[in-house]
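Novice: Here's a structure for you.
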Amino acid sequence: MTASGTGRVIRVALLSAALAVLSGCVVGPNYVRPAMVPPDAFKETQGWKIARPGDDTLRGQWWEAFGDPTLSALEARVSVSNQSLAAAEATYRQATALVREARSAYFPTVTIGAGYTRLRQSSTVTTSSGTGVGSVTTTTNGSGGASGGPSNFFQLPIDVAWAPDFWGKVRRSVESSRASAQASAGDLETARLSLQAELAQDYLQLRTLEAQQRLLDTTVKAYERSLALTRTRFDTGVASRLDVVQAEAQLKATQAQYIDVGVQRAQLEHAIALLVGQPASTFSLAAAPLAGGPPGVPVGVPSELLERRPDVAAAERRVAAANAQIGVAIAAYYPTITLSASAGFESGGLAKWLTWPSRFWSVGPGISETLFDGGLRKAQTAAARAAYDASVATYRQTVLGAFQNVEDNLAALRILEDEARVQDEAVTAATQSVTLTTEQYRAGTVSYLNVITTQTIALSNQVTAVQILGRRLTASVLLVQALGGGWHDADLPSAQEVTHGPR
């Protein structure tokens, strides 16, 4: 065939393939987001006025609402140095690479190679060209010699193979990979928010322990003065030896409590070091006052929550990926169409290898269909549908869990606010009781046991008040996390971005 004839054949083959692709359909169900009807309002906000900041929307740097520069500086280091977050980011990059891997099936595969073979055929298997049984023929080698002698074979082929995406299997695979990459991006933001919230909780708990230490330190000094007073009274014969022993026991117990709080503080400091990607042995935080009450957190309405939680977005994207996999499984029922072409040079001699007469080519389509597979495709389709149903259930469970997280922390903030108010009243009453009992002891109208009892009650109430404040601050962090921390599903990378990267 002439070169022009070869070109016509190739053009016809390519045109046929293009028409097949253009007219091809995409099998499998088209994706529809699972229905999820949110409640009209959060239950735990009823009857409670939530303090709102000036802006009604959470910001990305939500921790700045606590007004603590040290916390803000630590939070900035999470995205840079945390190794768990670095692993999540690498997983997302891997997912985007898998998108490009799936997309490569759109294009033909082109290979080129060169080969040399020297061979000698056995004379006992030489075939006959005659008409009778046992007739013999003589074959020639590549150099024109008779068979039986060694021969050379030189080859330089270029092979092209392409399977047009007639039934949409590749398109569904790419669709699934893109949705999975977007889910991975949601996982990355979920991990980021979780680590930021964990850091804020650890930091605020550390400051709460420091507030307890300061309270205990003040109490120890007060108990030392009480012990001195008791010893003076004992020396003058007014107090008994029992009063002195009781005062010493109370002082030592409080000192031990102060030391024990230091263990918890050290462990929280080490946990913060891990979160910011620094060895615990080289990290330390100077003591600082505990922040005031929890900042106002804009809650919004439940319907917005589905757009503000990265874990919900990731779960929804996994539903889309599982839906596309159903189409991949169904496409296996349809025949596979392939187009292949090969061209190059081959010769039995090196001198004539790359000459025009040594050229060869072949081109042609192929089609294959599986007639029996022992139920493989049916099982694969059933598995894909089951995986889709599981992903839908997981998505809905994630949404329900998100609503629960918000309600839990709204309830915690509302109830703890009431508890803090009552506890403050208890602290005030206990402090007055200590003052009155101490005066009565000085006057000799009550025993020292009364002083110890009122002091113990006062210290317990003061510690409880500090702990309640810490719990309120922690609940506010958890509420921010439950609301998505200022993230929005519009921040999820598009299909274009997970395929080609950000513009």
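The sequence shown begins at 221 in my numbering and counts up by one. Note that beta-carbon positions come from the ideal geometry of N, C-alpha and C, so glycine has one too. If you're wondering where the values come from, they're calculated on a predicted model, not measured in any experiment.
Based on Cα-Cα distance, which residue from LEU712, ALA325, LEU693 and VAL257 lies nearest to VAL517?
Specialist: Your numbering for residue 517 matches position 297 in the sequence shown. Among LEU712, ALA325, LEU693 and VAL257, the Cα nearest to that of VAL517 belongs to LEU693.
Novice: Which value, in whole angstroms, describes the spacing of the CA atoms of PRO522 and LEU620?
Specialist: For the purposes of this step, residue 522 is taken as the residue at position 302 of the sequence shown. For the purposes of this step, residue 620 is taken as the residue at position 400 of the sequence shown. Looking at the two C-alpha atoms, the distance is approximately 11 Å.
Novice: Go ahead and label ALA695 buried or exposed: buried means 16 or more other beta carbons lie within 10 angstroms of its beta carbon, across all protein chains shown.
Specialist: By 1-based counting over the sequence shown, the position of residue 695 is 475. Buried, because 16 or more other Cβ atoms sit within 10 Å of the Cβ of ALA695.
Novice: Please specify which runs of the alpha helix (DSSP H), each continuous and at least 4 residues long, are wholly inside the segment 482 to 530, giving them in chain order.
Specialist: The qualifying runs are 522 to 528.
Novice: Which residues mark the beginning and the end of the alpha helix (DSSP H) in which GLY406 is found?
Specialist: Residue numbering aside, residue 406 sits at position 186 when the sequence shown is read from its first letter. Taken as a continuous stretch (DSSP letters only), the alpha helix (DSSP H) holding GLY406 covers 389 to 455.
Novice: Whole-angstrom Cβ separation of ARG764 and VAL464, contact assumed at under 8 Å?
Specialist: The displayed coordinates of the chain run from 221 to 723. Any statement about residue 764 would go beyond what the structure contains.
Novice: Along the chain, where does the alpha helix (DSSP H) containing GLU566 start, and where does it finish?
Specialist: Here residue 566 refers to the residue found at position 346 of the sequence shown. First-last for GLU566: 556 to 567, but that is the beta strand (DSSP E), not the alpha helix (DSSP H).
Novice: For the segment 443 to 460 against the segment 393 to 401, are there 3 or more C-beta pairs whose distance is under 8 Å?
Specialist: These segments do not touch.
Novice: Look at the Cβ atom of PHE262, then the Cβ atom of VAL626, and state whether they are nearer than 8 Å.
Specialist: On the sequence shown, position 42 is the one that residue 262 refers to. On the sequence shown, position 406 is the one that residue 626 refers to. For PHE262 and VAL626, yes; Cβs fall inside 8 Å.
Novice: Tell me whether VAL353 is buried or exposed, calling it buried when 16 or more other Cβ atoms sit within 10 Å of its Cβ.
Specialist: Start at 1 with the first residue of the sequence shown, and residue 353 comes out as number 133. The pLDDT assigned to VAL353 is 39, lower than 50, so where the model puts this residue is not dependable; a value taken from the coordinates is nonetheless given after this. Exposed is the call here.
Novice: With a CB to CB cut of under 6 Å and the five nearest residues on each side skipped, what residues in its chain are close to VAL481?
Specialist: Translated into the one-based positions of the sequence shown, residue 481 becomes position 261. Taken in chain order, the residues that qualify are LEU429, GLN432 and GLN433.
Novice: Excluding the 5 residues flanking GLN475 on each side, which residues of the same chain have their C-beta closer than 7 Å to its C-beta?
Specialist: Counted from its first residue, the sequence shown places residue 475 at position 255. Correct list, in chain order: VAL440.
Novice: Ignore the nearest five residues each way along the sequence and tell me which others in VAL718's own chain have a CB closer than 8 Å to its CB.
Specialist: By 1-based counting over the sequence shown, the position of residue 718 is 498. Hits under 8 Å: ALA315, THR316, VAL319, ARG398, ALA401, GLN402 and ALA405.
Novice: Round the Cβ separation of THR590 and ALA383 to the nearest angstrom and send it over; I've been treating them as touching at under 8 Å.
Specialist: Taking the first residue of the sequence shown as position 1, residue 590 is located at position 370. Taking the first residue of the sequence shown as position 1, residue 383 is located at position 163. With 8 Å as the limit, THR590 and ALA383 do not qualify as a contact, their Cβ atoms being about 15 Å apart.
Novice: Quick one: what's SER588 bridged to in DSSP?
Specialist: For this step, residue 588 is matched to residue 368 along the sequence shown. THR556, per the DSSP bridge assignment.
Novice: Apart from the five residues just before and just after SER301, which ones in its own chain have a Cβ nearer than 6 Å to its Cβ?
Specialist: Counted from its first residue, the sequence shown places residue 301 at position 81. So the list reads VAL496 and GLY497, once near-sequence residues are dropped.
Novice: So PHE623 is in the alpha helix (DSSP H); what residue range does that whole segment cover?
Specialist: Position 403 of the sequence shown, counted from the start, is the residue given in the question as residue 623. Counting along the chain, the alpha helix (DSSP H) containing PHE623 begins and ends at 596 to 663.
Novice: Am I right that THR558 and PRO585 are in contact with their C-beta atoms under 8 Å? What's the rounded C-beta distance?
Specialist: Taking the first residue of the sequence shown as position 1, residue 558 is located at position 338. Taking the first residue of the sequence shown as position 1, residue 585 is located at position 365. That pair is a contact at about 7 Å.
Novice: What separation, rounded to the nearest whole angstrom, lies between the Cα atoms of GLN660 and PHE454?
Specialist: Taking the first residue of the sequence shown as 1, we reach residue 660 at position 440. Taking the first residue of the sequence shown as 1, we reach residue 454 at position 234. Straight-line Cα distance between these residues: approximately 16 Å.
Novice: If you draw a straight line from the alpha carbon of SER653 to that of THR674, how long is it in whole angstroms?
Specialist: Walking along the sequence shown from the start, residue 653 turns up at place 433. Walking along the sequence shown from the start, residue 674 turns up at place 454. If I take the Cα positions, the gap works out to 6 Å.
Novice: So, using beta-carbon positions, are ALA322 and VAL257 closer together than 8 Å?
Specialist: One-based indexing of the sequence shown puts residue 322 at position 102. One-based indexing of the sequence shown puts residue 257 at position 37. No, the Cβ-Cβ distance between ALA322 and VAL257 is not below 8 Å.
Novice: Check whether the Cβ atoms of LEU291 and ALA420 sit closer than 8 Å, and answer yes or no.
Specialist: Against the sequence shown, residue 291 aligns to sequence position 71. Against the sequence shown, residue 420 aligns to sequence position 200. Yes, they are a contact pair.
Novice: Check GLY365 in the structure and name its three-state DSSP category.
Specialist: Residue 365 sits at position 145 when you count from the first residue of the sequence shown. Low confidence applies to GLY365: its pLDDT is 44, below 50, so where it sits in the model is not reliable, and the reading given next is rough at best. In this structure, GLY365 counts as coil in the three-state DSSP scheme.
Novice: Give the C-beta separation of LEU703 and LEU424 to the nearest angstrom, bearing in mind that I take them to be a contact with Cβ-Cβ under 8 Å.
Specialist: On the sequence shown, position 483 is the one that residue 703 refers to. On the sequence shown, position 204 is the one that residue 424 refers to. Actually they do not touch by this definition, with Cβ atoms about 18 Å apart.
Novice: Classify GLY547: buried if its beta carbon has 16 or more other beta carbons within 10 angstroms, exposed otherwise.
Specialist: What you label residue 547 is simply residue 327 of the sequence shown in a count that begins at 1. Looking at its Cβ environment, which holds 16 or more other Cβ atoms inside 10 Å, GLY547 is buried.
Novice: Is THR337 helix, strand or coil by DSSP?
Specialist: As a position in the sequence shown, residue 337 is number 117, starting the count at 1. In the structure shown, THR337 sits in a strand (DSSP, three-state: E or B).
Novice: So, with DSSP's three-state summary, where would you put ASN302?
Specialist: If you number the sequence shown from 1, residue 302 lands on position 82. Reduced to three states, the DSSP call for ASN302 is coil.
Novice: Can you find the residues in the same chain that come closer than 7 Å, C-beta to C-beta, to ASN250, ignoring five residues on each side of it along the sequence?
Specialist: On the sequence shown, position 30 is the one that residue 250 refers to. There are no such residues.
Novice: Alpha carbon to alpha carbon, how far is GLN466 from LYS472? Give it in angstroms, no decimals.
Specialist: Along the sequence shown, one-based indexing puts residue 472 at 252. Along the sequence shown, one-based indexing puts residue 466 at 246. Cα to Cα, LYS472 sits roughly 10 Å from GLN466.
Novice: Is ASN372 helix, strand or coil when you go by DSSP?
Specialist: The count along the sequence shown starts at 1 and reaches residue 372 at position 152. Strand.
Novice: Could you say which of ALA411, ASN372, GLY248 and PHE373 lies nearest to TYR312 if we only look at CA atoms?
Specialist: As a first step, residue 312 is located in the sequence shown; it is residue number 92 there, counting from the start. Here the closest residue by C-alpha is ALA411.
Novice: Can you tell me whether DSSP reads PRO289 as helix, strand or coil?
Specialist: Along the sequence shown, read from residue 1 onward, the residue named residue 289 stands at position 69. Helix, per DSSP.
Novice: Between which two residues does the alpha helix (DSSP H) harbouring THR673 extend?
Specialist: Walking along the sequence shown from the start, residue 673 turns up at place 453. Its alpha helix (DSSP H) spans residues 668 to 702.
Novice: Quick check on the burial criterion: 16 or more other C-beta atoms within 10 angstroms. Buried or exposed for PHE592?
Specialist: In the sequence shown, the residue the question calls residue 592 occupies position 372. Exposed is the call here.
Novice: Just how far apart, CA to CA, sit ALA533 and PHE386?
Specialist: As a working note, residue 533 is residue 313 in the sequence shown. As a working note, residue 386 is residue 166 in the sequence shown. One C-alpha to the other measures close to 31 Å.
Novice: Using only alpha-carbon positions, find the residue among ALA540, PRO515, ILE688 and GLY569 that is nearest to PRO254.
Specialist: What you label residue 254 is simply residue 34 of the sequence shown in a count that begins at 1. The shortest C-alpha separation from PRO254 is found at ALA540.
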